[in-house]
Amino acid sequence: MAESIQITLPDGSTKAAPAGIRVGDFVKESIGAGLAKAAVLARFNGNEVDLTRPLTENGKLEVLTSKTPEALDTIRHDAAHVVASAVQKLFPGTQVTIGPTIEGGFYYDFFRDKPFTPEELQQIEVEANKEIARNLPFVREEVSVGDAIKLFESKGEKFKVEIIEDIVAKGAKTLTLYRHGDWVDFCLGPHGPSTGKIGAIKVLNTSGAYWRGDHRNPMLQRIYGTAFFDKKDLDAWLKQQEEAKKRDHRKLGRELDLFEFFPEAPGAAFWSPKGTVLYQVLADRMRRWTRENGYQEIKTPLLYNKALWEKSGHWGKYRDNMFLVLDSETGEHDFSLKPMNCPSHHLYFASRKHSYRELPLRYSTQDVLHRNEASGSLSGLTRVRQFAQDDAHIYCTEGQLADEVKRFIQLLDKVYAAFGLTYVAKFGTRPPQRIGDDALWDRAEGALESALKSMGIEYVQNPGDGAFYGPKLDFHVKDSIGRTWQLGTIQADYNAPERFELAYVGEDNAEHRPVVLHRAIYGSFERFIAILLEHYAGAFPAWLSPIQVALVTVADRQLPFAREVLDLLRSRGFRAELDERGMTMNAKIREAQLHKIPFTLVIGDREVEQRAVAPRRYGGEDLKSMPLDAFLELLSKEAATP
RNA sequence: GCCGACAUAGCUCAGCUGGUAGAGCAACUGAUUCGUAAUCAGUAGGUCCCCGGUUCAAAUCCGGGUGUCGGCUCCA
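According to my numbering, the first sequence is numbered sequentially starting from 1248.
In structure tokens, the structure reads:
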């Protein structure tokens, strides 16, 4: 007679079951065959478990069906195994490494001497589908680490052996294997019941990836893929990916004629007249936001000699990323374009005596920066070599730190809200390599965290991601295809004040070190504009739109009045254009719509007669003829700067 | 920088296994003057990214650059 255990279900009911019963069997017998069939995995006492796991103790059981995100994640993990087994079947000698799930899918990293070709990816997908069709059960097995090492050594899986040896070093005695068919992988699980649960699999693309993410290690071949319970879901996802590509800022940038890149200046944008307007509107608005918040703008040189970079530490740590400039007198590359504004701000701050009464002192700068980023990492406007930050440095006492951080987050929150952007805050704490004692880090991290908490802002811990000189908060926003980009940031810095011997005179008439806060809200104009373009899908609100009003006449005889309206709009500070080309009205309206101009004013004989305009919004809404003054009022309201 | 893919007219793209280039849109000219997403006709436009090589012959095949794209590393 087996012992009996008590299983509590999410509705609070408790059922008895023989100890050792498998989760799947329990569900089938005590809850229902329907649920058992829909189940993919379960959560027992908080841990995700396979349906084949025996239940040996009392506890809470929650069945996770294909409706849950955990189940989707699980079959994607299943799919990663299926892809790996398919690869090893098709290409013997290929070694496996790791294959986790990621947002939207999974990847698996392989080691072999040559990369996968697109044709091979096709074969892999075909083979993976065969394994899915065979509906092979996933079988979990606990083995000793010794047996596991023997197993993978016999298979020549050097990377797996390395991973196992690592966890052995951490004290593991046993580990789990998962088999489907005759293929086996070392894996924590859980997995779905069988390969057949994967309704649809798609091998997406391939890329190189360093073993353990370290560029000194061998390069692995990564295969990306995704999986769903249903082919329909996969098709919907693929379609959505296609849609997202339409809002890619690079595509929109060309279509809306905002910026351009030339091979002659890789990683540095040319801004068109329209793009320049957008850039300037953002710059001007940020100037106002910062001025209102007690910042003072300064302008500093773009080029500095080595002395500054040695002082700041960039010469030692950051030189590979700097554009060095040859001094023709000395023949040495003793100058560099600035990659950051901080050293010049510190230099300026240190050039004069400061009283505690001046603090916090906030210097802002929007100057152009150059960083020699790795050629392969450049990407549209999101990753460039020349850009401008909405940069500022706050010099304050340690006691003012928390307040300043809070003020900053409040401002950032307000700015992002003005654009309707949602962000994720990431809290980067002390890295292993750092300066300053733990008490100092405790205080600095405490200041940042208390600011977040007092504002009720949700954030993600990013342990060890702080700078060597202090903790930081990063603010991330997603682009159209789901990649996240860091925009805003605030970093506490205890190092720079030492290096630059920054000081203020305190109440006690003695000199003290201020703390420096590096901070940016847009992050960089370039990246921010890229994100905005994708966020609005190119249809900017009127205050940002490079052209706010397009004027279209029904026939040429209305042109004199249209010119009058154009002049009036421009004299009121609005950005308007009149298209005098000999096209039809419909063609001009179409063009204005394609350019996503907020308002198109149609002017025909009726409008001339009544000194009116007939506005049409982007998207097609016809506002009907209205007096010029009425439109000016409407426009003033809608194009108002937030 | 590393792995892979790609590069043809201003833009979007055709161009099978080598036989010296084509469409649509845009531009230009002319006609048309029209009431809310493309008027018609004509004209012009290309060192097929660059440099080598193979070949009787290269947009096409090979090698090397450059740039772009997807990742990795790094980062605003």
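Don't be surprised by glycine CBs; every beta carbon is placed ideally from N, CA and C. A quick note: this is a predicted structure, and the numbers were derived from the prediction, not measured.
Supposed close pair residue i, residue j - CB separation, criterion 8 Å
i, j, result
"arginine 1774", "threonine 1629", "5 Å"
"tyrosine 1354", "arginine 1463", "So it is not a contact: roughly 21 Å between Cβ atoms."
"valine 1287", "isoleucine 1322", "7 Å"
"phenylalanine 1399", "isoleucine 1411", "7 Å"
"valine 1311", "glutamate 1317", "Going by the sequence as given, residue 1311 is leucine instead of valine. Confirmed, about 5 Å."
"histidine 1640", "leucine 1749", "In fact, because the Cβ distance is near 10 Å, the residues do not count as touching under 8 Å."
"serine 1391", "threonine 1421", "6 Å"
"alanine 1283", "lysine 1275", "4 Å"
Option in the options with minimal Cα separation from residue i
i, options, result
"serine 1706", "Ala1714, Asp1638, Gln1342, Glu1696", "Note that residue 1706 corresponds to tyrosine in the displayed sequence, not to serine. Out of Ala1714, Asp1638, Gln1342, Glu1696, Glu1696 has the C-alpha closest to the C-alpha of tyrosine 1706."
"isoleucine 1268", "Leu1608, Thr1303, Ala1416, Arg1677", "Thr1303"
"asparagine 1833", "Leu1815, Ala1797, Gly1820, Phe1808", "Ala1797"
"proline 1510", "Gly1627, Gly1428, Ser1401", "Gly1627"
"serine 1602", "Gly1753, Glu1824, Arg1766", "Gly1753"
"proline 1710", "Phe1338, Gly1500, Pro1679, Met1466", "Pro1679"
"glycine 1560", "Phe1747, Ala1887, Tyr1663, Arg1381", "Phe1747"
"proline 1257", "Arg1290, Arg1535, Ala1263", "Arg1290"
"phenylalanine 1570", "Gly1472, Gly1346, Asn1619, Leu1368", "Asn1619"
"glutamate 1544", "Val1762, Lys1492, Ser1611, Ile1737", "Ser1611"
"methionine 1830", "Val1799, Leu1813, Arg1822, Ala1823", "Val1799"
"phenylalanine 1878", "Thr1888, Val1849, Lys1479", "Val1849"
"glycine 1735", "Ile1704, Ala1802, Ala1665, Ile1656", "Ile1656"
"arginine 1566", "Leu1555, Ser1575, Ala1266, Asp1574", "Leu1555"
"phenylalanine 1433", "Glu1827, Glu1388, Gly1460, Trp1458", "Glu1388"
"tyrosine 1716", "Phe1722, Leu1687, Gln1708, Leu1659", "Leu1687"
"proline 1437", "Leu1648, Gln1369, Pro1384", "Pro1384"
Three-state secondary structure assigned by DSSP to residue i
i, result
"glycine 1460", "helix"
"arginine 1810", "helix"
"alanine 1877", "helix"
"methionine 1466", "strand"
"glutamine 1680", "coil"
"lysine 1606", "The question names lysine, but residue 1606 in the sequence shown is leucine. Residue state, collapsed to three classes: coil."
"tyrosine 1355", "strand"
"tryptophan 1790", "coil"
"isoleucine 1448", "strand"
"valine 1390", "strand"
"arginine 1730", "coil"
"isoleucine 1844", "coil"
"aspartate 1432", "strand"
"aspartate 1258", "coil"
"isoleucine 1768", "strand"
"arginine 1323", "helix"
"methionine 1248", "Bear in mind that the predicted position of methionine 1248 carries a pLDDT of just 45, short of 50, making it unreliable; the figure below should be weighed with that in mind. Of the three classes helix, strand and coil, the one that applies to methionine 1248 here is coil, per DSSP."
"histidine 1617", "strand"
"arginine 1864", "strand"
"isoleucine 1704", "coil"
"leucine 1298", "coil"
"serine 1697", "helix"
"isoleucine 1345", "coil"
"glutamate 1367", "helix"
"phenylalanine 1722", "strand"
"tyrosine 1663", "helix"
Exposure label - residue i; buried when at least 16 CB within 10 Å
i, result
"glutamine 1857", "exposed"
"proline 1793", "buried"
"threonine 1348", "buried"
"glutamine 1487", "exposed"
"methionine 1248", "Residue placement at methionine 1248 is flagged as unreliable, the pLDDT there being 45, under the threshold of 50; a coordinate-derived value is accordingly withheld."
"aspartate 1638", "buried"
"glutamine 1805", "buried"
"asparagine 1756", "exposed"
"glutamate 1250", "exposed"
"lysine 1719", "buried"
"arginine 1599", "exposed"
"glutamine 1527", "exposed"
"glycine 1393", "exposed"
"valine 1860", "buried"
"serine 1771", "buried"
Checklist entry - Should the segment 1536 to 1554 be called in touch with the segment 1578 to 1592, which here means at least 3 C-beta pairs below 8 Å? => result yes
Item to check | the segment 1294 to 1302 contacting the segment 1445 to 1457, beta-carbon criterion three pairs below 8 Å | outcome: no
Next on the checklist: With a threshold of 8 Å, are at least 3 pairs of Cβ atoms found where one atom belongs to the segment 1723 to 1733 and the other to the segment 1679 to 1691?
Outcome noted: no
Checklist entry - Is there contact here, the segment 1496 to 1503 with the segment 1775 to 1785, by at least three beta-carbon pairs under 8 Å? => result yes
Next on the checklist: Quick test of the definition: if touching needs 3 or more C-beta pairs under 8 Å, does the segment 1858 to 1869 touch the segment 1834 to 1849?
Outcome noted: yes
Checklist entry - With contact counted as at least three CB pairs below 8 Å, one residue from each stretch, are the segment 1373 to 1381 and the segment 1324 to 1342 in contact? => result yes
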